[in-house]
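*Asks:* Let me begin by handing over the structure; questions about it come next.
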Ligand SMILES: [Zn+2]
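Residue numbers (the numbering used here): 13 to 144.
Here it is as structure tokens:
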């Protein structure tokens, strides 16, 4: 009889101990097991009373506890470039902002940015000026 000890936290001696199993006999007939603390000898009435150490349960994941990853789309920064602004005017020698009456760079950004209306198709714009 070499039943492996099972770990438990003994309620009597408050120590982590192995459960000692000792077969109980009624005469020559095995009627059960006596479970006792290997440290202090505390006897348990039944196996159900043994505070076995449980394998640690996996922590329950709660989706709400997870840090939310803020999804910041930085793409809008590009849209605020002067070159995409309705007030942005390109001349052969300069780039100007109609709103602020000053020279700007295409890569400037502006807090008064006004999105261009959908740009006219190149072909349509060229049609009027195009010579036959
Ligand atoms: Zn004990």
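Note that beta-carbon positions come from the ideal geometry of N, C-alpha and C, so glycine has one too.
Can we count residue 33 as close to ligand 1, meaning its CB is less than 7 Å from some heavy atom?
*Replies:* Residue 33 Cβ: outside cutoff for every heavy atom of ligand 1.
*Asks:* Tell me the DSSP secondary structure of residue 29 in three-state form.
*Replies:* Residue state, collapsed to three classes: strand.
*Asks:* Which residues mark the beginning and the end of the beta strand (DSSP E) in which residue 122 is found?
*Replies:* First-last for residue 122: undefined, no H or E at that position.
*Asks:* Indicate the three-state DSSP secondary structure (helix, strand or coil) for residue 114 in the structure shown.
*Replies:* Reduced to three states, the DSSP call for residue 114 is strand.
*Asks:* Can you tell me whether residue 60 sits near ligand 1, meaning its C-beta is under 7 Å from at least one heavy atom of the ligand?
*Replies:* Because no heavy atom of ligand 1 lies under 7 Å away, the Cβ of residue 60 does not count as near it: no.
*Asks:* Per DSSP, which one or two residues make a beta bridge with residue 45?
*Replies:* 35, per the DSSP bridge assignment.
*Asks:* For the beta strand (DSSP E) holding residue 19, just list the boundary residues, first then last.
*Replies:* First-last of the beta strand (DSSP E) with residue 19: 18-21.
*Asks:* Buried or exposed for residue 28, please, with buried defined as at least 16 other CB atoms from any protein chain shown within 10 angstroms of its CB.
*Replies:* Counting Cβ neighbours within 10 Å, residue 28 comes out exposed, since fewer than 16 surround it.
*Asks:* Measuring alpha carbon to alpha carbon, tell me which residue in 94, 39, 45 and 46 is nearest residue 1.
*Replies:* This structure cannot settle anything about residue 1, because the visible part of the chain is limited to 13 through 144.
*Asks:* Give me the Cα-Cα distance between residue 100 and residue 117, rounded to the nearest whole angstrom.
*Replies:* Their backbone Cα atoms lie some 9 Å apart in a straight line.
*Asks:* Does DSSP put residue 108 in a helix, a strand or coil?
*Replies:* Strand at residue 108.
*Asks:* Would you please state the rounded distance, in angstroms, between the beta carbons of residue 40 and residue 48? I believe it to be under 8 Å.
*Replies:* Actually they are not in contact, since the Cβ atoms of residue 40 and residue 48 sit about 22 Å apart, beyond 8 Å.
*Asks:* Within this structure, are the beta carbons of residue 50 and residue 31 separated by less than 8 Å?
*Replies:* Yes, the Cβ-Cβ distance between residue 50 and residue 31 is below 8 Å.
*Asks:* Give me the Cα-Cα distance between residue 46 and residue 59, rounded to the nearest whole angstrom.
*Replies:* Answer to the nearest angstrom: the Cα atoms are 9 Å apart.
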